[in-house]
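Here's the structure, in structure tokens; my notes come after.
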Amino acid sequence: MEEVLTLLQAVGCPVEGLLGSRKLVHDFPEAGWRYLVVRTSDVPTYVEYGVADLGVVGKDDLLEERREVAELVDLGFGRCRLAVAVPAGSRDLLNGTGIGRIRVATKYPRLAEEHFHDRGIQAEIIHLRGSVELAPLLGLSDVIVDLVSTGRTLAENNLVAVEDLAVATARLICNRVSFRLYHSRISAFSQAVREAAGVAAGGVAGEGNAELQ
Amino acid sequence: MNGLEYRTQLPLGVRDYLPGEALQKKRIEDNLRGLFTGYGFQEVIPPGFEFYEAVEMGLGGKVEQTYKFFDRRGRILVLRPDFTTPLARIVATKLGAAPGPWRLCYAGSLFSYQDPGAGRPHETYQIGAELIGAPEGAADAEILSLAVEGLRRLGLQDSQIAIGHAGCVQGILEEAGLGEEDRRLILGTVARRDLVTLERIAAKLPISDSLRRILVRLPSVVGGRDELEAFAVAAGGQGAREAARVIGDVLDHLERLGLSEQVRVDLGVVRDFAYYSGIVFEGHVRGVGLPVCGGGRYDRLLDQFGSPLPATGFAFDLNSLMIALAARDGAAGTWATQPFSWLIVPLEADLYAEAARRARELRAKGLIVEVEVSGKNAEAALAYAQERGIGRITFLSRRPGLADALMGGGEGEIGPTEPPERASGQEEAAGPAARSGMKPAAGPGTAVYEAVIDLRR
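Line order of the protein sequences matches chains C and B.
With the first letter of the first sequence counted as 1, position 91 gets the number 91 in my numbering; the numbers rise by one all the way through.
With the first letter of the second sequence counted as 1, position 134 gets the number 134 in my numbering; the numbers rise by one all the way through.
Next comes the structure, spelled out in structure tokens:
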């Protein structure tokens with residue numbers, strides 16, 4: 001959230017009262033903006049239906065939700081890997097021949113299913129909404145597919161990442177009809193965002209610490 | 001689920017249209033049909049299902065989304081996924097003898113699976129037109145005129161039609177010398193308006209920087225002639241420039257007809273189907289997620305049926321149109337409210353024939369008349385009429401007192417022989433107005449009294 005606010009500020013959008021607020025709708029009529037604060041995995045839905053013209057959401061959620069939205073800018077922050085993680089003692093779990101069916105716990109059922117399908121491994125996908133790293137520990141699954149940033153959470157649960165599915169950063173998305181109807185305003189905004197994001201990326205070394213929820 | 005639940009539920013993706021919405025749908029169709037007829041288009045009705053082989057060439061990437069089943073000999077059948085392909089087949093195989101061009105139109109439902117969770121219907125309704133046998137140029141302008149006029153006839157001036165041209169993207173891809181797979185990949189990213197991925201792919205292509213710049217900017221060429229001009233100047237290849245010129249010509253034509261206000265250039269419009277070869281366009285209404293209409297030129301489709309003919313066409317999506325109109329006018333009620341409707345209520349059972357007789361007289365004048373057949377009393381009949389939005393009620397009875405009670409003793413105009421639009425007299429502000437006096441009605445035998453109540457507000 002902080003990074004989004006920093007970005008908005010950098011392009012001249014109002015940000016008063018957003019940080020720490022529990023309000024879900026913030027109106028700035030003079031500036032011509034309304035912000036909706038929603039659950040990150042719902043952002044593509046709001047934008048697809050046109051309830052919001054623009055949205056900021058992680059590429060991981062974009063890939064999983066697969067909504068019909070226009071993707072305008074890679075904002076660069078919130079960088080995480082989407083990876084398969086296995087128990088630390090079984091690094092070669094997915095490399096052997098004759099792998100039977102494995103159970104995969106994940107918040108990203110669609111992406112996980114596609115990945116294992118492509119790998120030719122029969123997988124039973126168990127869809128969890130949170131604390132996915134507990135699943136192998138408790139015997140609910142053999143492996144997990146989850147976001148990794150520093151790797152600390154995995155290590156704490158005796159897991160290790162072995163295969164990457166994708167690298168996810170925050171993206172600016174746009175409703176496809178709005179893109180056309182309000183093209184000049186959105187183009188200008190998108191360009192400003194691109195520049196601000198580029199500046200920010202140039203100034204930051206290494207990965208961010210935030211884990212996307 | 002037990003048996004009753006299966007009996008009362010519908011499969012995913014289909015719905016019932018209750019009378020209110022069904023009438024709205026019909027009105028839209030009639031309106032647009034009138035438009036097409038005026039331009040000389042004639043309707044054809046292809047079948048609801050065909051052999052897979054007869055429709056597969058028109059499916060683009062959507063093979064998996066068709067509803068398939070088998071006939072008794074094991075051949076694959078497909079529920080109609082689009083109209084353009086069957087119409088192409090019909091012209092190629094059945095109408096070719098007559099001199100072209102052929103102007104055909106159609107209206108009906110299409111079937112395709114959708115992503116679960118997307119909330120989109122699997123059965124959609126289209127009404128559209130194809131102009132077959134005329135080359136690129138005036139014919140495309142005509143199709144676009146139809147689209148613009150159609151939206152105006154429906155009162156959807158707050159809409160926008162965006163025009164692109166398959167040649168713009170394809171011209172650039174040709175010039176870049178890209179292979180089939182790269183082309184498909186890029187077309188996909190442009191169609192999805194995934195500018196981020198497009199940039200990444202373009203960065204890795206072995207093409208010149210200037211070409212790369214044009215490619216990356218393609219989905220952002222949106223606006224009017226200036227943007228089109230700038231693109232034409234920047235685009236190296238002949239194909240892209242030619243395509244831009246065609247768009248310019250169509251814009252000219254629409255301007256001269258006074259139909260260009262809602263039209264924009266948008267080179268990012270890439271229609272799904274692989275067969276578009278020229279102008280492509282989409283129409284959108286503010287607030288409606290899916291396009292309300294779309295189409296373009298598809299010169300290579302009829303060749304698949306053995307008859308190489310140029311063709312262009314488009315269709316309105318009725319579902320999206322209804323959403324747009326509901327957003328503007330409010331949702332349709334359950335029942336179709338008919339202002340020129342009447343209910344005749346025989347308050348004694350033996351008056352049913354008399355009620356039916358009067359109903360026939362009124363219907364002959366073009367009114368919609370219901371006869372009460374379920375034995376309702378006056379109060380129940382009144383409630384029924386109000387709930388259904390019926391305009392007037394006539395009560396028939398042999399008992400003058402009864403009619404009196406209903407009327408509250410008021411004076412009023414002559415009863416049911418006048419059609420409502422010519423009726424005079426003041427409207428009551430609230431509640432049903434009892435406006436007709438009780439009078440003995442004509443007819444042999446015992447007098448029948450009638451009371452007419454006007455329910456219109």
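All residues carry an ideal CB built from backbone N, CA and C; glycine is no exception.
{"Asked": "So what's B:C168 in DSSP terms, helix, strand or just coil?", "Found": "helix"}
{"Asked": "For a contact meaning CB atoms closer than 9 Å, what does B:H284 contact in chain E?", "Found": "This model lacks chain E altogether; the protein chains it does include are C and B."}
{"Asked": "Please look up how many angstroms separate the CB atoms of C:I102 and C:D142, rounded, as I've assumed it's under 8 Å.", "Found": "4 Å"}
{"Asked": "Using CA atoms only, rank isn't needed, just tell me which of B:P99, B:F111 and B:A451 is closest to B:A15.", "Found": "Reading the sequence as shown, one finds Arg at residue 15 of chain B and not Ala. Ranking the options by Cα distance to B:R15, first place goes to B:F111."}
{"Asked": "Have a look at C:L181 and B:D249 and give me their C-alpha separation to the nearest angstrom.", "Found": "22 Å"}
{"Asked": "Quick one: what's C:C174 bridged to in DSSP?", "Found": "C:L54 and C:A70"}
{"Asked": "Pick out whichever of B:Q114, B:T37, B:K25 and B:D30 has its Cα sitting closest to the Cα of C:R66.", "Found": "B:Q114"}
{"Asked": "Using only the alpha-carbon positions, how far apart do B:I247 and B:Y276 sit?", "Found": "15 Å"}
{"Asked": "Using three-state DSSP, classify B:D317 as helix, strand or coil.", "Found": "strand"}
{"Asked": "Who are the near neighbours of B:L79 in its chain, counting only those whose CB is closer than 6 Å to its CB and skipping five residues on each side?", "Found": "F49, Y67 and F111"}
{"Asked": "Quick one: Cα of B:E348 to Cα of B:S397, how far?", "Found": "6 Å"}
{"Asked": "Which residues of the stretch 150-162 of chain B have a Cβ closer than 8 Å to any Cβ of chain C? Give them in chain order.", "Found": "Q160 and A162"}
{"Asked": "Leaving out five residues before and five after B:E174 in sequence, what residues of the same chain have Cβ atoms less than 7 Å from its Cβ?", "Found": "G237 and G239"}
{"Asked": "Identify the continuous beta strand (DSSP E) that holds B:Y125 and give its terminal residues.", "Found": "E123 to I132"}
{"Asked": "Closer than 8 Å, Cβ to Cβ, to anything on chain C: give me those residues from the stretch 184-210 of chain B, in chain order.", "Found": "R192, R193, D194, L195, V196 and T197"}
{"Asked": "Determine the direct distance from the alpha carbon of C:E64 to that of B:R213, and round the result to whole angstroms.", "Found": "30 Å"}
{"Asked": "Output yes if chain C places a C-beta closer than 9 Å to the C-beta of B:G60; else output no.", "Found": "no"}
{"Asked": "I want to see whether chain B comes within less than 9 Å of C:Y49, judged by CB atoms only; does it?", "Found": "yes"}
{"Asked": "Consider the Cβ of C:V56: report whether some Cβ of chain B lies at a distance smaller than 9 Å.", "Found": "no"}
{"Asked": "Select from the stretch 74-88 of chain C all residues with a C-beta closer than 9 Å to any C-beta belonging to chain B, and list them in chain order.", "Found": "D74"}
{"Asked": "Suppose you measure from the CA of B:P19 to the CA of B:T334; what does that come to, to the nearest Å?", "Found": "6 Å"}
{"Asked": "For a cutoff of 9 Å on Cβ pairs, would you count C:S41 as touching chain B?", "Found": "no"}
{"Asked": "Tell me the start and end of each unbroken alpha helix (DSSP H) in the stretch 3-68 of chain C that is at least 4 residues and wholly inside, in chain order.", "Found": "43-48 and 59-65"}
{"Asked": "Between which two residues does the beta strand (DSSP E) carrying C:D142 extend?", "Found": "Taken as a continuous stretch (DSSP letters only), C:D142 belongs to no beta strand (DSSP E), as it is neither H nor E."}
{"Asked": "Out of B:A166, B:P219, B:L4 and B:G313, state which residue places its alpha-carbon closest to the alpha-carbon of B:G133.", "Found": "B:G313"}
{"Asked": "Using only the alpha-carbon positions, how far apart do C:V145 and B:R120 sit?", "Found": "29 Å"}
{"Asked": "Counting only Cβ pairs nearer than 9 Å, list the residues of chain B close to C:A70.", "Found": "R192, R193, D194, L195, P219 and G268"}
{"Asked": "Output needed in chain order: residues of the stretch 247-265 of chain B with a Cβ under 9 Å from some Cβ in chain C.", "Found": "R264"}
{"Asked": "For C:R28, which residues of its own chain have a beta-carbon under 6 Å away from its beta-carbon, when the five flanking residues on both sides are left out?", "Found": "The residue asked about is misnamed: residue 28 of chain C is Phe in this sequence, not Arg. Closer than 6 Å at the Cβ level, and outside the excluded window around C:F28, lie P14."}
{"Asked": "Please look up how many angstroms separate the CB atoms of B:L301 and B:T85, rounded, as I've assumed it's under 8 Å.", "Found": "7 Å"}
{"Asked": "Report yes if the C-beta distance between B:V369 and B:R358 is below 9 Å; otherwise report no.", "Found": "yes"}
{"Asked": "Where do the ends of the beta strand (DSSP E) carrying B:F111 lie?", "Found": "W102 to F111"}
{"Asked": "So the alpha helix (DSSP H) B:T446 belongs to, where does it begin and stop?", "Found": "Run containing B:T446: none; DSSP gives neither H nor E here."}
{"Asked": "Beta-carbon of B:G289 versus every beta-carbon of chain C: anything under 9 Å?", "Found": "yes"}
{"Asked": "Can you name the residues of chain C whose CB is closer than 7 Å to the CB of B:G164?", "Found": "Per Cβ cutoff of 7 Å: no residues; B:G164 is ~11 Å from chain C at best."}
{"Asked": "Going by beta-carbon coordinates alone, are C:P44 and C:D61 separated by less than 9 Å?", "Found": "yes"}
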